[in-house]
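Start counting the sequence shown at 14; every next residue gets the next number (my numbering). Cβ coordinates follow ideal geometry from the N, Cα and C atoms, glycine included. Heads up: the structure comes next, in structure tokens.
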Amino acid sequence: MQYRNGKHGEKLSILGYGCMRFTRSGSSIDIAKAEKEILEAFNSGVNYYDTAYIYPGSEAALGEILERNRIRDNVYIATKLPQYMISSRQAIDKYFNEELSRLRTNRVDFYLMHHLTDIAQWQRLKDVGILQWIEGKKASGEVKNIGFSYHGNSDNFLKILDDYDWDFCQIQYNYLDENSQAGVIGLKAAAEKGIPVIIMEPLRGGKLVNLLPESAKQAIKTNSRGWTAAQWGLRWLYNQEEVTVVLSGMNSTEMVLENVKTASNATAGHFTDEDFAFIETLKKEINAHEKIGCTGCRYCMPCPKGVDIPGIFRCWNTMYTESKKNGRSQYVQTVALTKEPSFATQCIECGKCEKHCPQSLPIRQKLKEADKDLRPLPYKIAIAVGRKYMMRQARDKNKVR
Ligand code: SF4
Ligand code: SF4
């Protein structure tokens, strides 16, 4: 494992563990599996673990695993204040104390204002006394580093960056997002101020691996470097010295081992001109095929009407990156024939989802287009028949009981 510097002399592993995507078993996290994966990472030198108040069950799972294995003091915990739920100073304490209790710890090493998108949100926090709160927590040692995670545009990022003496920040950044959100402008500005930058969505929620168009997959296979799709994404980031830690939501030991391998030998400045040119080729292939730039982050969820927004967009993209048949058949399985249907047509256009989308997608409009494409008439009929059959089966089962 390689390490880069935190602001106060911490040696941070350049691969961080993103705890948002632990495997779930039913409605809860599969703790045994998550524990195995975390220990694999820990034993390979990963010392940065990122979670958040709003990731369901994640803080509690991480706290339990670290405590049981007595490794709390050997790692850095990063978690986040749900700033969008804060309306008073008391609320900050309430959420923070709950987080300490879930994490079974007396301190947070890296504490972030979660999901800022503009300076107004930071100002609102200042109005309820966040600056005095931070001062108090730093003095007591309950918070070691203060930062923010960010999803707005680069202008607002720079304003927030300049407004406070931050210890670190976290941005969405990958080769497709070089010039969106905080982007390379934000990355360089933070680094110039000596602020470590943590990277989230390095593979765009897996899109730069699993959902690549066939042509891009082929290009990767035949490239003489022999790197996998994930390696191309991570190496592009590690190549930049301004990047401190790259978070990966790892949910298999294979994924942990592959990422660890990359993080142990990808150094800043190792890309050649040919490598950069190859990344441009991949970008072209991806952008030529995708219908919508949804990262699958799920910040738009839950929808009050039960619309599976990221699920619908994923299937829609699959129609164009893989094949129409694949996209529609995934749609039938994951959206149309689930117990509670989650069709785009259930949308009442309340607009709630669009306020939370870090990619600023016009979700309501795009849902309509996606639905038309995913459910042509023969599919509509087949889905209606399938649902009738499912309901009859469920009724019969209840009668037998
Ligand atoms: S606009 Fe539609 S999809 Fe979005 S939250 Fe409201 S009902 Fe759900
Ligand atoms: S629509 Fe936006 S908020 Fe929802 S999953 Fe996609 S990118 Fe995330």
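- The segment 390 to 406 makes contact with the segment 342 to 362, as at least three CB pairs between them are under 8 Å.
- Nearest in C-alpha terms to Glu155, of all of Ile184, Tyr163, Asp122, Asp140, is Asp122.
- Sixteen is the threshold: when 16 or more other Cβ atoms of the shown chains lie within 10 Å of the Cβ of Tyr68, as they do, the residue is buried.
- Between Gln372 and Cys307, the C-beta gap is smaller than 9 Å, which places the two residues in contact.
- Judged by their CB atoms, Leu260 and Ile305 are not nearer to each other than the 9 Å cut-off.
- Gln343 has its Cβ no nearer than 8 Å to any heavy atom of ligand 2.
- With respect to Thr347, Asp384 sits apart: the two C-beta atoms are not nearer than 9 Å.
- Taking 4 residues as the shortest admissible run, the segment 309 to 362 contains the following complete alpha helix (DSSP H) segments, listed from N- to C-terminal end: 322 to 334, 337 to 344.
- Annotation for Thr347 indicates a beta carbon at 8 Å or more from all heavy atoms of ligand 2.
- In the three-state reduction of the DSSP assignment, Ala104 falls in the helix class, which pools H, G and I.
- Taking a C-beta distance under 9 Å as the contact criterion, Ala232 and Thr294 qualify as a contact pair.
- As computed with DSSP, Asp63 is found in a beta bridge with Gly31, Ala91.
- With a contact defined as Cβ atoms closer than 8 Å, Phe291 and Asn236 qualify at about 6 Å.
- Of the candidates Trp249, Asn330, Asp131, Asp131 places its Cα closest to the Cα of Gly165.
- Pairwise C-beta distances place the segment 253 to 267 out of contact with the segment 321 to 340, as fewer than three of them are shorter than 8 Å.
- When DSSP reads this structure, Tyr163 sits in a beta bridge with Leu129, Ile184.
- Counting along the chain, the unbroken beta strand (DSSP E) around Tyr16 starts and ends at 16 to 18.
- Within a 10 Å sphere around the beta-carbon of Gln183 sit 16 or more other beta-carbons, which makes this residue buried.
- In the three-state reduction of the DSSP assignment, Met213 falls in the strand class, which pools E and B.
- Not one heavy atom of ligand 2 lies closer than 8 Å to the C-beta of Tyr62.
- Arg377 has its CB nearer than 8 Å to a heavy atom of ligand 1.
- Taking the Cα positions, Ser114 is about 19 Å away from Asn87.
- Between ligand 1 and the CB of Glu367, the shortest heavy atom gap is smaller than 8 Å.
- Look at Arg34: its beta carbon is at least 8 Å from all of the heavy atoms in ligand 2.
- Remark: C-beta atoms of Val258 and Tyr186 do not approach each other more closely than 9 Å.
- Within its own chain, the residues whose Cβ lies closer than 7 Å to the Cβ of Val197, once the five positions on either side in sequence are excluded, are Glu191, listed in chain order.
- Remark: the shortest separation between the CB of Gly309 and any heavy atom of ligand 2 falls under 8 Å.
- For Thr257, the enclosing beta strand (DSSP E) starts and ends at 256 to 261.
- Taking one beta carbon from each stretch, the segment 68 to 81 and the segment 96 to 110 have fewer than 3 pairs nearer than 8 Å; the two do not touch.
- Between Lys368 and Pro209, the CB-CB gap reaches or exceeds 9 Å.
- Its chain contains Lys20 as the residues whose beta carbon lies nearer than 8 Å to that of Gly207, once the 5 sequence neighbours on both sides are disregarded; these appear in chain order.
- Pairing Gly218 with Ile27, the inter-Cα distance amounts to about 18 Å.
- In this structure, Glu80 has its beta carbon at no less than 8 Å from each heavy atom of ligand 1.
- At the C-beta level, Gly239 and Leu216 stay beyond 9 Å of one another.
- For Phe55, the secondary structure class from DSSP, reduced to helix, strand or coil, is helix.
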